[in-house]
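Trainee: I am attaching a structure below and will ask some questions about it afterwards.
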Amino acid sequence: MLRRAAAAGRGLLRRPLGAAGRRQRSEAGSPDGGPRGDRVPRIYTRTGDAGFSSTFTGERRPKSDRLFAALGATDELNSAIGLAGEFSSEKGHTFVEQLHKVQCVLQDVGSSIATPLSSAREAHLKRTSFSEKPILELEQWIDSYTEQLPPLRAFILPSGGKSSAALHFSRAVCRRAERCVVPLVQAGEADPNVAKYLNRLSDYLFVLARYAAMKEGKEEKIYVRQEEKIHIRPQP
Numbered sequence: 073m074l075r076r077a078a079a080a081g082r083g084l085l086r087r088p089l090g091a092a093g094r095r096q097r098s099e100a101g102s103p104d105g106g107p108r109g110d111r112v113p114r115i116y117t118r119t120g121d122a123g124f125s126s127t128f129t130g131e132r133r134p135k136s137d138r139l140f141a142a143l144g145a146t147d148e149l150n151s152a153i154g155l156a157g158e159f160s161s162e163k164g165h166t167f168v169e170q171l172h173k174v175q176c177v178l179q180d181v182g183s184s185i186a187t188p189l190s191s192a193r194e195a196h197l198k199r200t201s202f203s204e205k206p207i208l209e210l211e212q213w214i215d216s217y218t219e220q221l222p223p224l225r226a227f228i229l230p231s232g233g234k235s236s237a238a239l240h241f242s243r244a245v246c247r248r249a250e251r252c253v254v255p256l257v258q259a260g261e262a263d264p265n266v267a268k269y270l271n272r273l274s275d276y277l278f279v280l281a282r283y284a285a286m287k288e289g290k291e292e293k294i295y296v297r298q299e300e301k302i303h304i305r306p307q308p
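Mapped onto our numbering, the consecutive letters of the sequence shown carry residue numbers 73 to 308.
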């Protein structure tokens, strides 16, 4: 009992890292970055081999649980934004720092999702609460870029160069992450601010994709309805 309590106490001292974070921590070894003794740290833990994983509150749930689907979609979104950031950095875009900040906020989003409200204690909520501040910041960025863009008069396709296309792809992944989080919010398992942030983030990525295309002088491809062609076979 005491051993379990001590382990739980140590867990509260850390933000929930997820599998990738645990692997990074194991690779780091000791606190100063060196290996623990002569032992080579392992990247695998084997704790999920049976198809279950843990929430930050200590619950063991199937990996098919919608909570982990939301976490996975958020992780994929973070990776997509990282790729878009690399393309944008090559073009010298100044908004790359904003994308890096978004990636950091998405880590906080994951922490919040990994803390289901149904089993969270006050100590859990104190470490993983998600405020409205990042949402308001996104809105400020959106307004700033929108003022610089030409009016949108037609549907556009994901295009406009590599930076723009990668940002459009990130936007689509963001929409999926939001769809995964909404059921958790509706069930009272997740903070509504998380869903709001993802909703606003997709708008930000859309506007930023257009801005990147404009700054690079790339053409945004416009949606054109394809006319149906009717083939009339000649009568014998």
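By construction, the Cβ of each residue, glycine as well, lies at the ideal position given by its N, Cα and C atoms.
Just so we're clear, the structure is a prediction, and the values are computed from it rather than from any experiment.
Hey, would you say Leu280 sits closer than 7 Å to Leu224, going by beta carbons?
Mentor: Contact flag unset, no.
Trainee: Check Arg132 in the structure and name its three-state DSSP category.
Mentor: The answer is strand: DSSP assigns Arg132 an E or B state.
Trainee: Pairing CB atoms from the region 244-256 with CB atoms from the region 271-280, are three or more of them under 8 Å?
Mentor: Flag = yes, the region 244-256 and the region 271-280 touch.
Trainee: On a CA-only basis, which of Pro255, Arg199, Ala237 is nearest Arg282? Give me that one, please.
Mentor: Among Pro255, Arg199, Ala237, the Cα nearest to that of Arg282 is on Ala237.
Trainee: Is it true that the CB of Leu189 sits closer than 7 Å to the CB of Glu261?
Mentor: Yes; because the gap between Cβ atoms is below 7 Å, this pair is in contact.
Trainee: What number of angstroms, rounded off, separates the C-alpha of Ile214 from the C-alpha of Pro113?
Mentor: Rounded to whole angstroms, Ile214 to Pro113 spans 43 Å at the Cα level.
Trainee: Can you give me the start and stop residues for the alpha helix (DSSP H) that Phe140 sits inside?
Mentor: That run of the alpha helix (DSSP H) goes 138-162.
Trainee: Give the secondary structure of Ile185 by DSSP, where H, G and I count as helix, E and B as strand, and everything else as coil.
Mentor: Helix at Ile185.
Trainee: Hey, quick one: how far does the alpha helix (DSSP H) through Phe227 stretch, first residue to last?
Mentor: Unbroken run through Phe227: none, as it is neither H nor E.
Trainee: Could you check what DSSP says for Phe241 in three-state terms: helix, strand or coil?
Mentor: Three-state result, Phe241: helix.
Trainee: Leaving aside the five residues before and after Val135 along the sequence, list all residues of the same chain whose C-beta is less than 8 Å from its C-beta, in chain order.
Mentor: Val is not the amino acid found at residue 135; the sequence shown has Lys there. So the list reads Gly120, Gly123, Phe124, Ser125, once near-sequence residues are dropped.
Trainee: Ser160 to Tyr295, Cα distance in whole Å?
Mentor: If you take the alpha carbons of Ser160 and Tyr295, they lie about 24 Å apart.
Trainee: So Phe227 and Ala186 are in contact, right, with Cβ under 8 Å, and what is the actual spacing, rounded?
Mentor: The Cβ separation is near 37 Å, so there is no contact.
Trainee: With a CB to CB cut of under 8 Å and the five nearest residues on each side skipped, what residues in its chain are close to Ala141?
Mentor: Result list for Ala141: Cys252, in chain order.
Trainee: Would you tell me roughly how many angstroms separate the C-alpha atoms of Thr146 and Asp137, rounded to the nearest one?
Mentor: Straight-line Cα distance between these residues: approximately 15 Å.
Trainee: Compute the distance between the beta-carbons of Val257 and Val181, then report whether it is under 7 Å.
Mentor: In this structure, Val181 does not lie closer than 7 Å to Val257 by Cβ.
Trainee: Sort out for me which residues DSSP pairs Ile207 with in a bridge.
Mentor: Ile207 pairs with nothing; no bridge assigned.
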